[in-house]
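Numbering (my numbering), first residue to last: 3 to 154.
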């Protein structure tokens with residue numbers, strides 16, 4: 003990976019702001035309520051591939067996880083058809099430390115739609131704020147780390 007001085011890195015990140023907001027809007031448009039994440043997972047898999055990452059899709063196997071330290075009982079009964087999407091950067095010279103960037107696509111229920119100015123999956127920007135279900139938790143974080151990697 004190329005070394006950047008701070009000013010160059012800040013400029014590289016700043017130059018991506020508009021695209022990052024556009025990408026966040028695109029991701030928020032995916033209704034990814036718990037159990038319905040497949041569309042958003044497909045979208046991020048495509049983004050990872052566009053970034054030159056090796057993409058892996060791993061089925062969630064609760065039985066294989068039960069004996070792992072830190073295991074927490076699942077909050078839903080059925081993980082069939084659900085998967086984790088992994089984007090792997092494989093450096094030419096694999097030395098140094100590893101970095102793991104993690105996020106989740108499921109969002110909390112929308113509540114009564116009449117309480118929304120616009121649909122919960124119809125994102126919009128007002129001033130310096132972007133509104134839409136999942137925009138802050140956790141889709142903005144996912145887009146932020148994707149664009150940080152792109153800037154590097």
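Backbone N, C-alpha and C fix where the C-beta goes; we use that ideal spot for every residue, glycine too.
Using a Cβ-Cβ distance under 8 Å, would residue 35 count as near chain C?
Checking the listed chains, one finds no chain C in this structure; it contains a single protein chain.
Could you check how far apart the C-beta atoms of residue 105 and residue 143 are, in whole angstroms? I think they sit under 8 Å.
Between residue 143 and residue 105 the Cβ distance is about 5 Å, and since that is below 8 Å, they are a contact.
CA-to-CA distance, residue 68 to residue 182, given in whole angstroms
Residue 182 lies beyond the residue range present for the chain, which begins at 3 and ends at 154; the question has no answer from this structure.
Would you list the residues sitting across from residue 133 in a DSSP beta bridge?
According to DSSP, which records beta bridges pairwise, residue 133 is partnered with 126.
Let me know the secondary structure DSSP gives residue 3 once reduced to three states.
Bear in mind that the predicted position of residue 3 carries a pLDDT of just 43, short of 50, making it unreliable; the figure below should be weighed with that in mind. Reduced to three states, the DSSP call for residue 3 is coil.
I'd like to check one pair, residue 45 with residue 22: are the Cβ atoms closer than 8 Å?
Their beta carbons are not under 8 Å apart, which means residue 22 does not touch residue 45 by this criterion.
Mapping the DSSP letters down to three states, classify residue 25 as helix, strand or coil.
Shown here, residue 25 sits in a helix according to DSSP, grouped into three states.
Could you give the C-beta distance for residue 47 and residue 87, rounded to a whole number, given that I count them as a contact under 8 Å?
About 5 Å; that satisfies the 8 Å criterion.
Span of the beta strand (DSSP E) holding residue 88?
Run containing residue 88: 85-90, per the beta strand (DSSP E) assignment.
So residue 15 is in the alpha helix (DSSP H); what residue range does that whole segment cover?
Unbroken alpha helix (DSSP H) run through residue 15: 8-16.
Applying the criterion that 16 or more other CB atoms from any shown protein chain within 10 Å of the CB defines a buried residue, is residue 34 buried or exposed?
Classification for residue 34: buried.
When you compare each of 62, 26 and 90 to residue 2 by their alpha carbons, which one comes out closest?
This structure does not reach residue 2, given that the chain is present from 3 up to 154, and the question cannot be answered.
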